[in-house]
Amino acid sequence: MFGLYLICASVSASAAEEIRNAPGKEQRGLPRELATAGSCAHAIAGERRTGYVASVGTSWFGTNNTTIAFKDQLSSDNYSIESSGYFTDTAEGSAQLTSLVSAYLAKVPVTLYCSGKNPKTGRDSFTYLWVGHVDAP
Numbered sequence: 001m002f003g004l005y006l007i008c009a010s011v012s013a014s015a016a017e018e019i020r021n022a023p024g025k026e027q028r029g030l031p032r033e034l035a036t037a038g039s040c041a042h043a044i045a046g047e048r049r050t051g052y053v054a055s056v057g058t059s060w061f062g063t064n065n066t067t068i069a070f071k072d073q074l075s076s077d078n079y080s081i082e083s084s085g086y087f088t089d090t091a092e093g094s095a096q097l098t099s100l101v102s103a104y105l106a107k108v109p110v111t112l113y114c115s116g117k118n119p120k121t122g123r124d125s126f127t128y129l130w131v132g133h134v135d136a137p
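Heads up: the sequence shown is residues 1 to 137, going by full-length UniProt numbering.
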């Protein structure tokens, strides 16, 4: 488990600059809002959702972007299917996949940054994510 942590830390650090530059509502002149539970489906681009990763997969829909089952609470039987806006053949997509698997294994919450419809997949997507009990920017 410690080895997995070290790998995740190094991969996450390589994508840290891009994550640090993640846009937030406050950058568009709107007040900053807390992340809410729920799905990125039908969310306005820029909204954030907090929950737990119930399953992680790639190529669920025939593409190499990461798709997750996402729940409000660990004990919930209900989940939504969320698709990443990044693909696993990019540095960002690889780092994100590693972070999602880590969150799934550790059973810690994640906050997703909803980005609206992905033009490549046509599905509601998320791009940035924050792992653990943190206040996302």
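All C-beta atoms in this analysis are idealised placements derived from N, C-alpha and C, irrespective of residue type, glycine included.
Here the structure is a predicted model, which is why all the values come from computation and not from measurement.
Sequence-distant partners of HIS133 (beyond 5 residues in either direction) whose C-beta falls short of 8 Å from its own C-beta, in its chain, are VAL108, PRO109. The closest CA to that of SER80, considering only ALA106, TYR86, HIS42, is found on HIS42. Of the other Cβ atoms in all chains shown, fewer than 16 fall within 10 Å of the Cβ of SER76; this residue is therefore exposed.
VAL110 carries a strand assignment under DSSP once its states are collapsed to helix, strand and coil. For ASN64, DSSP assigns no beta-bridge partner whatsoever. Taken through DSSP and simplified to helix, strand or coil, VAL53 comes out as strand. Secondary structure of THR58 (DSSP, three-state): strand.
The three-state reading of DSSP puts GLY93 in helix, counting H, G and I together. DSSP places ASP124 in the uninterrupted beta strand (DSSP E) bounded by 124-131.
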